[in-house]
Amino acid sequence: TQPMSALASTATTFPTTHEKIAQPEDTPYFIDNAFVPSKAEKFIDLYDPATNNLVTRVPQMTNDELQAAIDSAQKAFPAWRNTSVLARQQIMFKFVGLIRENWDRLAASITLEQGKTFADAKGDVLRGLQVAEAACAAPELLKGEILEVAKDMETRSYKEPLGVVAAICPFNFPAMIPLWCIPIATVTGNTMILKPSERDPGAAMILVELAKKAGFPDGVINVVHGAHDTVNFILDAPEVKAISFVGSNKAGEYIYNRGSANGKRVQANLGAKNHAAVLPDCNKNQFINAVVGAAFGAAGQRCMALSTLVMVGETKEWLPEVAESAKRLSVNGGFEPGADLGPVISPQSKERIESLIASAEKEGATILLDGRGFKPEKYPNGNWVAPTIISNVTPDMQCYKEEIFGPVLVCLNVDTLDDAIELINKNEYGNGTAIFTKSGATAETFRKNIEAGQIGINVPIPVPLPMFSFTGNKRSIAGGGANTFYGRPGVNFYTQQKTVTAMWASSDAISKKADVAMPTHN
Ligand code: NAD
4 TQPMSALAST
14 ATTFPTTHEK
24 IAQPEDTPYF
34 IDNAFVPSKA
44 EKFIDLYDPA
54 TNNLVTRVPQ
64 MTNDELQAAI
74 DSAQKAFPAW
84 RNTSVLARQQ
94 IMFKFVGLIR
104 ENWDRLAASI
114 TLEQGKTFAD
124 AKGDVLRGLQ
134 VAEAACAAPE
144 LLKGEILEVA
154 KDMETRSYKE
164 PLGVVAAICP
174 FNFPAMIPLW
184 CIPIATVTGN
194 TMILKPSERD
204 PGAAMILVEL
214 AKKAGFPDGV
224 INVVHGAHDT
234 VNFILDAPEV
244 KAISFVGSNK
254 AGEYIYNRGS
264 ANGKRVQANL
274 GAKNHAAVLP
284 DCNKNQFINA
294 VVGAAFGAAG
304 QRCMALSTLV
314 MVGETKEWLP
324 EVAESAKRLS
334 VNGGFEPGAD
344 LGPVISPQSK
354 ERIESLIASA
364 EKEGATILLD
374 GRGFKPEKYP
384 NGNWVAPTII
394 SNVTPDMQCY
404 KEEIFGPVLV
414 CLNVDTLDDA
424 IELINKNEYG
434 NGTAIFTKSG
444 ATAETFRKNI
454 EAGQIGINVP
464 IPVPLPMFSF
474 TGNKRSIAGG
484 GANTFYGRPG
494 VNFYTQQKTV
504 TAMWASSDAI
514 SKKADVAMPT
524 HN
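Start counting the sequence shown at 4; every next residue gets the next number (the numbering used here).
Rendered as structure tokens:
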């Protein structure tokens, strides 16, 4: 009931520069379709990563406020679950249209708070929007099954909503990941609590403003803020039936364990170290362009960034050309025309990335391209790391073992395809991998033997569109990968199955005597 923050306002104008905001406003929370200022005592400062100017303060909401948000979602559930799927679909159509209309505004909020370039931020929005578009197929996706299992007897199944569900999101895709959750959770009849990353909640705030306009009733989507304390509150709230988490292994494994111990369904997508195997018979130019884009785009802050090259045989000779191409990328404020990559999220993140580069140097690797110390002229105070390539890396080095999550490409050498497969399979992460080759047989051998969830064949970032599912593997997904995001598995995650077995005999053929043996139908 209070004025909305600048970033969540209905204004048709929105910031498209990194200029200092004269009077930054605190980010409100969102409950019962209203933006409300928090009475929090603690706030988390949010800085523009290109300048380190204050953009907004994000509240660490009080427990009373968090409980009120959960109560609101709980109260909204009975009416929402009884709203027809066709009515929910109509709201989703409107939501999709509004996201498209506000595409630039959403992207601008992402560039300002997260740092990625405006063009890349538009891709962030589109990838999420496509999940909302796919969710419009709810009447088809929610259809159950039916079979006449015996004479006069049939079994049929329903997919019913769970109740209140929660989503806990990371900083790197401020629109896409909330949209992995909002459309499918709500169109299937659940109500939800969304906790965006405390580092960039602006896009999520715009999304809920649009959700309200689209016609979502009060309480169906509430947004709460904060860091660990908010997450713990959600994990322990008995009303919350399921949790969707995307983020680091440290947070995600904890959330999976504590959420599961509390009897909740948890889907949790975690960290990654995505390898590409490069074969001498590949199209070299295509490979160089693909890998430079996939390693350094979004400053390497994508869970599907191609961060590790496995150079098979003589392909290691191509690395100077890869470095030449990477050197040509423009590192600049995300609103600047021609910027290829922006800053990393925080000064701490920059420091961590630089210390991993230093560790590689110390452990005997070669820093083929060194992005440390770079500063674009106009933005001397941002969190800059320019593209960095480390060659002659071995699997025991820290820069190989850890997810760097920055614009750093580490390169290892092997002799054969089998060696490449063995190396990749030994890595504890298994989110995505790619192979560059012109040989169908080589690609097929790789596909069959590789232990990774998402495989690109001459495709550097093989993230499936939402009619499929996001299928990480190994430590890149909690719980053995049983609960994947979006697609039909996403619908299953957000629904409970119910099966009904019914008998309608037209005559009095029903047995006259009680039968105590296990019922069987032959
Ligand atoms: P993060 O784990 O630091 O934060 C994610 C969320 O968890 C945030 O909302 C944060 O408030 C909360 N959180 C953080 N630490 C917590 C703790 N100890 N206890 C409770 N809650 C906590 O992740 P991030 O830095 O925002 O995102 C980057 C990570 O996300 C990378 O590891 C990346 O690979 C991963 N990621 C994975 C996917 C995927 O689909 N596999 C997609 C995007 C990002």
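Ideal placement from N, C-alpha and C gives every residue a C-beta, glycine not left out. Note that the structure is a prediction, hence the values are computed from the model and not measured.
Suppose you measure from the CA of Gly376 to the CA of Lys365; what does that come to, to the nearest Å?
18 Å
Inspect the beta-carbon positions of Val1 and Pro410 and report whether they are closer than 7 Å.
Given a span of 4 to 525 for the chain in the structure shown, any question on residue 1 remains unanswerable.
Restricting to Cα atoms, I'd like to know which of Asn452, Ile460, Glu256 is closest to Thr440.
Ile460
Please report how far the alpha carbon of Pro398 lies from the alpha carbon of Leu57, in whole angstroms.
40 Å
Which residues does DSSP pair with Glu151 in a beta bridge?
Looking at the DSSP output, Glu151 bridges to Glu157.
Taking 7 Å as the cut-off, decide whether the C-beta atoms of Ala138 and Ile187 are in contact.
yes
Taking Thr16 as the reference, which of Tyr161, Met470, Ala110 has the closest Cα?
Ala110
Helix, strand or coil at Tyr432 [DSSP, three-state]
strand
Nearer than 6 Å: is that true of the beta carbon of Asn384 relative to any heavy atom of the ligand NAD?
The answer is no for Asn384.
For Gln26, is the classification buried or exposed, using 16 other Cβ atoms within 10 angstroms of its Cβ as the cut-off for buried?
exposed
Give the DSSP-derived three-state secondary structure of Glu22 in the structure shown.
coil
Here's a check: name, in chain order, each residue in its chain whose Cβ is nearer than 6 Å to the Cβ of Glu357, leaving out the five neighbours to either side.
Arg375
Sub-7 Å separation of Asp203 and Phe174 beta-carbons
yes
Residues of its chain near Pro522, where Cβ-Cβ distance is below 6 Å and the 5 sequence neighbours each way are ignored
none
Give every residue of the same chain whose Cβ lies closer than 7 Å to the Cβ of Val294, excluding the five residues on either side of it in the sequence, and list them in chain order.
Ala279, Leu309, Leu312, Val325, Pro463
Proximity of Pro18 and Ile348 at Cβ, strictly below 7 Å
no
Going by the beta-carbon positions, is the gap between Val413 and Arg159 smaller than 7 Å?
no
Nearest CA to the CA of Ala301: which residue from Lys515, Tyr257, Ala124?
Comparing Cα positions, the closest option is Ala124.
Ile185 CB to nearest heavy atom of the ligand NAD below 6 Å:
no
Measuring straight from C-alpha to C-alpha, what distance separates His231 and Ile237?
10 Å
Quick one: any contact between the region 245-262 and the region 100-116, if contact means 3 or more CB pairs under 8 Å?
no
What do you get for Pro323, buried or exposed, if any count of 16 or more other CB atoms within 10 angstroms of its CB means buried?
exposed
Quick one: Cα of Gln77 to Cα of Ala271, how far?
23 Å
Skipping 5 residues on each side, what residues in its chain have a beta carbon closer than 6 Å to that of Gly274?
Ser251, Asn252, Glu406
Name the two residues that bound the continuous alpha helix (DSSP H) containing Tyr264.
Per the sequence presented here, residue 264 reads as Ala, with Tyr not at that position. 252-264 is the span of the alpha helix (DSSP H), which, as asked, contains Ala264.
For Asp284, collect the residues of the same chain with a Cβ closer than 7 Å to its Cβ; drop the 5 residues on either side in sequence, then sort them by chain order.
Thr440, Lys441, Ser442
Would you please state the rounded distance, in angstroms, between the beta carbons of Pro181 and Ala170? I believe it to be under 8 Å.
7 Å
Report the rounded CA-to-CA distance for Leu145 versus Gln92, giving the unit in angstroms.
12 Å
Would you report the Cα separation of Phe219 and Gly131, rounded to the nearest angstrom?
Taking the straight line from one Cα to the other gives about 18 Å.
Exposed or buried, His524, counting other C-beta atoms within 10 Å across all chains shown (16 or more means buried)?
exposed
Taking the continuous beta strand (DSSP E) assigned at Pro173, which residues delimit it?
Note, Pro173: premise wrong, no beta strand (DSSP E); not H, not E.
Compare the C-alpha of Asn286 against each of Ala517, Thr318, Glu201 and name the closest.
With distances taken between Cα atoms, Asn286 lies closest to Thr318.
When DSSP labels each residue in this structure, what does His228 get in the three-state scheme?
coil
How do the region 208-215 and the region 58-70 stand: do at least 3 beta-carbon pairs fall below 8 Å, yes or no?
Contact between the region 208-215 and the region 58-70 is absent: fewer than 3 CB-CB pairs across the two stretches fall below 8 Å.
So Asp48 is in the beta strand (DSSP E); what residue range does that whole segment cover?
46-50
Should Leu332 and Val227 be called a contact, given that it needs their Cβ atoms to be closer than 7 Å?
no
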